[in-house]
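Notes follow once the structure below has been shown.
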Amino acid sequence: MATILVTGAAGFIGYHLTLRLLADGHTVVGLDNLNDYYDVRLKEARLGRLLSKLNFEFVKLDLADRPGMEAMFMGYKFDYAVNLAAQAGVRYSLTNPHAYVSANMVGFMNLLEGCRHNGVKHLVFASSSSVYGANTRLPFSEQDNVDHPVSLYAATKKANELMAHTYAHLYRLPCTGLRFFTVYGPWGRPDMAMFLFTKAILESRPIDLFNEGHHKRDFTYIDDIVEGVARVIPHLPEPDPRWSSNYPNPASSDAPYRIYNIGNHHPVEVTYLIRLLEEAIGKKAKLNLLPIQPGDVPETYANVSDLHQAVGFKPRTPIEEGVRRFLAWYKEFYMV
Numbered sequence: 628m629a630t631i632l633v634t635g636a637a638g639f640i641g642y643h644l645t646l647r648l649l650a651d652g653h654t655v656v657g658l659d660n661l662n663d664y665y666d667v668r669l670k671e672a673r674l675g676r677l678l679s680k681l682n683f684e685f686v687k688l689d690l691a692d693r694p695g696m697e698a699m700f701m702g703y704k705f706d707y708a709v710n711l712a713a714q715a716g717v718r719y720s721l722t723n724p725h726a727y728v729s730a731n732m733v734g735f736m737n738l739l740e741g742c743r744h745n746g747v748k749h750l751v752f753a754s755s756s757s758v759y760g761a762n763t764r765l766p767f768s769e770q771d772n773v774d775h776p777v778s779l780y781a782a783t784k785k786a787n788e789l790m791a792h793t794y795a796h797l798y799r800l801p802c803t804g805l806r807f808f809t810v811y812g813p814w815g816r817p818d819m820a821m822f823l824f825t826k827a828i829l830e831s832r833p834i835d836l837f838n839e840g841h842h843k844r845d846f847t848y849i850d851d852i853v854e855g856v857a858r859v860i861p862h863l864p865e866p867d868p869r870w871s872s873n874y875p876n877p878a879s880s881d882a883p884y885r886i887y888n889i890g891n892h893h894p895v896e897v898t899y900l901i902r903l904l905e906e907a908i909g910k911k912a913k914l915n916l917l918p919i920q921p922g923d924v925p926e927t928y929a930n931v932s933d934l935h936q937a938v939g940f941k942p943r944t945p946i947e948e949g950v951r952r953f954l955a956w957y958k959e960f961y962m963v
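Numbering of the sequence shown is given in this note's numbering, commencing with residue 628 and proceeding in unit increments.
If you want it as structure tokens, here you go:
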């Protein structure tokens, strides 16, 4: 059994992944700064459940705190590290850009240095479907060029991929980046569509529907994300013997580095999600149709063949089932 660092452990994905790793018998050190980007009480509720588990330790720390990060790495011996801590959100990056540079770039730099100097076997880090930016060829493939981000959030995630590759190349630190596609499910983030729409319908408030509801998203259920991450952690990337500097594959390298999509491979229009919520809640939504916003990508759609070939898994939870599970949690947690 391994000792694994999970950053962002009180966050949505970090919480679920930590539970899975603990259930598998690993020791997890969870790091989080518990910032107030969204309701801290939800983060504290997740953390409270984790603190009741054996083999879990919590470190309250900001990734951007260089001395604190150095001290943490000196205090523990990690076999693996999973970076899920980040300043998330596309629209928030339009008004608070400095938060993204601090958390997603300075913080990631500190993590890379900690892994490099302390013998971490494999760094797995969260990237995002947002890196595909202005790409319109669907489904999105890891072999696609992603040099045209349309939000600062996406640019910082692309920067993480470049930084990780540099460390894989220079120091042979095995690094795997995972591009998550619109993750949802119980204990989800309040700034995401599933949560926002549910809350608005229950409170009889209008939903701001950008692009007049024509956005399509590859909604991916949290359990599928966690299964993919758990399988990738022990799957150390190796230099790709077929990689050519004349025709470089963006998803691999002559260094121990890989990029994978984790998505449901089944995009649905946002209006369909609203219909599912209306049916499950038994109440019609009020819609405020708005134009597309700066930084928005009209459609996301993941090609997951590389992930399936590497670890034998691809997401499979249909949106209809995922919505049912999310609503069951929401009603219980908020006593609706």
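Glycine included, each C-beta is placed from N, C-alpha and C at the ideal position. Treat the numbers as computed from the prediction; the structure is a model and nothing was measured.
query, result
"Rounded Cβ spacing between residue 856 and residue 780 (contact assumed at less than 8 Å)", "Not confirmed; about 20 Å, so no contact."
"Buried/exposed call for residue 961, threshold 16 Cβ in 10 Å", "exposed"
"Every unbroken alpha helix (DSSP H) inside the segment 792-823 [4 residues or more]", "none"
"Residue interval of the alpha helix (DSSP H) (run including residue 657)", "No alpha helix (DSSP H) contains residue 657, which is instead part of the beta strand (DSSP E) from 654-659."
"Whole-angstrom distance between residue 651 and residue 687, CA atom to CA atom", "24 Å"
"One or two residues paired with residue 921 in a DSSP bridge", "None, per the DSSP bridge assignment."
"Coil, strand or helix - residue 929 by DSSP", "strand"
"Any non-hydrogen atom of the ligand MN within 7 Å of residue 660 CB", "The model on display carries no ligand, and the ligand MN is accordingly not part of it."
"Unbroken stretches of the beta strand (DSSP E), 3 residues or longer, contained in the segment 888-923", "913-916"
"DSSP three-state assignment for residue 860, whether helix, strand or coil", "coil"
"Residue 684, enclosing beta strand (DSSP E) - first and last residue", "683-687"
"At least three beta-carbon pairs within less than 8 Å, the segment 671-682 to the segment 691-703", "no"
"For residue 773, three-class secondary structure by DSSP", "coil"
"Separation of residue 854 from residue 763, as counted between CA atoms", "28 Å"
"N- and C-terminal bounds of the alpha helix (DSSP H) containing residue 667", "667-678"
"Rounded straight-line distance, which links the Cα of residue 837 to that of residue 915", "8 Å"
"Host beta strand (DSSP E) of residue 710 (start-end)", "707-710"
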